[in-house]
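Have a look at the structure below before the remarks.
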Amino acid sequence: MKELILQWFILGILAVFAILSAFVGSKYSKLLSKYCDIIKYLKSLCNCVSSARWGNLQIRAQKGPSVLTTELSKSLNSLLESILDRDKMIQEYVEKEKEANNIKEDFIAMLTHDLKVPIIAQDNTLDLLLAGKFGQLSTEQKDAIKNIKISNSDLRHLVESLLDSHKFEKKGFVPKIQENIMLKSFIEDIVYQLSSIASLHNKVIRLYDHLEPNYKINTDVFLLKRVIENLILNAITYGINSDYIDVTLENNDTHYIVRVRDYGHGISKENIDKIFNKYYSAAELYSKASMGLGLYLSNKIINTLNGSIRVSSEENKGAEFSIIMPDV
């Protein structure tokens, strides 16, 4: 009898254990399933956020396994939609700005090109007047025409800078290298062409040659000439109370250097770091017309030719610009 009771007791315990195991197993299985659903949801959420981080705003967060996660997905998707809408607005704005800038640049290019022709014609007429082709002029008349010619020269330089700026912003500068250019002769031609403008300002351009005999370079003569002309014209314009402009040529084993120096007011310390910035100009200090493009373009050109421009200056003692080019 005792053995029978013990057997029933053991069977009862086993039955209870089996019922409890089935209940716990069912609960564990549900918890495990929920845990797997959450892990799966979090992975999809991370994938959505990671894609957005790298610029793909098209992927959306999936509906979550609970009310809370569903609301989280809705909030994230709303944020992505808002970012996408804002991105479209920015793109449309950029396109409109680009189109407006193109219209503006094209207008400036056409305007400056059309202005250049009458400026050149006017300059030629002034030369004829000074040469007495239309009759003799008095000293006062000649002085007045010389002043007009100076202003005309400044205006022509301004127009050419605007045209060059437009070309650079559109296409950049593509060098056309010519070989075996005699540097001294090349600079002598530039100095000769600008001597008449210097004389109108009562200045003399002095050339100092420290080059090796028959020194030759490979360069884009048009671009390099544009820079040297700009530096000399700046020296003529801003070298106030100075009678001379010095152009010095040097070379060493790796570089050749063209220095342009004036003996005017110089450049202040606070301005010397700004002079190559686009549209920066000290012209207003000297009642001159300038857009602040000359040095900006000169620096861009020389960089395109793999060189550099350096400036040293001291107030009331003038300024020296050095074009340093590789000897290739």
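The opening position of the sequence shown corresponds to residue 16 in the working numbering, with each subsequent residue numbered one higher.
Just so it is clear, CB atoms sit at the ideal spot from N, CA and C, and this is done for glycine as well.
Here the structure is a predicted model, which is why all the values come from computation and not from measurement.
N-terminal and C-terminal residue of the beta strand (DSSP E) that residue 268 is part of: That residue, residue 268, is in no beta strand (DSSP E); it is neither H nor E in DSSP.
task: Identify whether residue 298 lies in helix, strand or coil by the three-state DSSP scheme.
output: The predicted position of residue 298 is uncertain, since its pLDDT is 47 and thus under 50; no value can be drawn from it.
message: Measuring straight from C-alpha to C-alpha, what distance separates residue 331 and residue 148?
response: 42 Å
message: Here's the rule I'm using: 16 or more other beta-carbon atoms within 10 Å means buried, otherwise exposed. How should residue 340 be labelled?
response: buried
query: Taking one C-beta from the stretch 312 to 319 and one from the stretch 258 to 275 each time, how about it: are there three or more such pairs within less than 8 Å?
result: no
query: Would residue 281 pass as a contact of residue 333 if the rule is Cβ separation under 8 Å?
result: yes
- request: Look at residue 275 and residue 238 and say whether their C-beta atoms are less than 8 Å apart.
  value: no
query: Roughly how many angstroms separate the alpha carbons of residue 61 and residue 107, rounded to a whole number?
result: 30 Å
field: Assigned secondary structure, residue 342 (DSSP; H/G/I helix, E/B strand, else coil)
entry: coil
query: Would you report the Cα separation of residue 300 and residue 138, rounded to the nearest angstrom?
result: Caution applies to residue 300, whose pLDDT of 44 falls short of 50 and renders its modelled position unreliable; the value that the coordinates give is listed next. Those two C-alpha atoms are separated by around 26 Å.
query: residue 197 and residue 231 look like a contact to me (Cβ under 8 Å); what is the Cβ gap, rounded to whole Å?
result: 6 Å
- prompt: Which residues in the same chain as residue 343 place their Cβ atom closer than 7 Å to its Cβ, once the five residues preceding and following it in sequence are excluded?
  reply: 233
message: For a test of the three-state rule: what should DSSP assign to residue 309, helix, strand or coil?
response: helix
query: By Cβ distance, which residues of its chain are closer than 7 Å to residue 279, with the 5 residues on each side in sequence left out?
result: 253, 254, 255, 256, 257, 333
Cα-Cα separation between residue 305 and residue 73, rounded to whole angstroms: Because residue 305 sits at a pLDDT of 46, beneath the cut-off of 50, its placement in the model cannot be relied upon, and the following sentence gives the value as read from the coordinates. The straight-line gap from Cα to Cα measures roughly 50 Å.
query: Looking at residue 202 and residue 167, is the spacing between their C-beta atoms short of 8 Å?
result: no
- prompt: Going by Cα to Cα distance, which pick from 221, 229, 225, 235 is closest to residue 191?
  reply: 235
- request: Using the Cα positions of residue 228 and residue 178, report the straight-line distance between them to the nearest angstrom.
  value: 37 Å
query: Which whole-angstrom value describes the C-beta separation of residue 326 and residue 287, a residue pair presumed to lie in contact below a C-beta threshold of 8 Å?
result: 6 Å
- prompt: How many Å lie between residue 155 and residue 269 at the Cα?
  reply: 52 Å
query: Can residue 160 and residue 145 be called in contact, C-beta distance under 8 Å?
result: yes
- prompt: What are the uninterrupted segments assigned as beta strand (DSSP E) that are 3 or more residues long and contained completely in the stretch 137 to 206, given in chain order?
  reply: 193 to 197
For residue 323: DSSP bridge partner residues: 339
task: Measuring alpha carbon to alpha carbon, tell me which of 103, 97, 320 ends up nearest residue 193.
output: 320
- request: Indicate whether residue 78 and residue 88 have their beta-carbon atoms separated by less than 8 Å.
  value: yes
- prompt: For residue 163, which option in 57, 142, 205 has the closest C-alpha, if you only look at C-alpha atoms?
  reply: 142
Contact with chain B by residue 102, beta-carbon distance below 8 Å: Annotation note: the requested chain B is absent from the structure, which comprises a single protein chain.
- prompt: Any idea if residue 150 is buried or exposed, counting beta-carbon neighbours within 10 angstroms, 16 or more meaning buried?
  reply: exposed
Range covered by the beta strand (DSSP E) that runs through residue 245: That residue, residue 245, is in no beta strand (DSSP E); its alpha helix (DSSP H) goes 236 to 253.
- prompt: Do residue 259 and residue 218 have their CB atoms nearer than 8 Å?
  reply: yes
message: What does DSSP give as the partner residue(s) for residue 225 in the beta ladder?
response: 265
query: Looking at the unbroken alpha helix (DSSP H) that takes in residue 286, where does it start and where does it end?
result: 284 to 287
message: I'd like to check one pair, residue 80 with residue 53: are the Cβ atoms closer than 8 Å?
response: yes
- prompt: DSSP state of residue 257, grouped into three classes?
  reply: coil
- request: Would you mind sorting residue 308 into buried or exposed? The rule is 16 or more other CB atoms within 10 Å of its CB.
  value: buried
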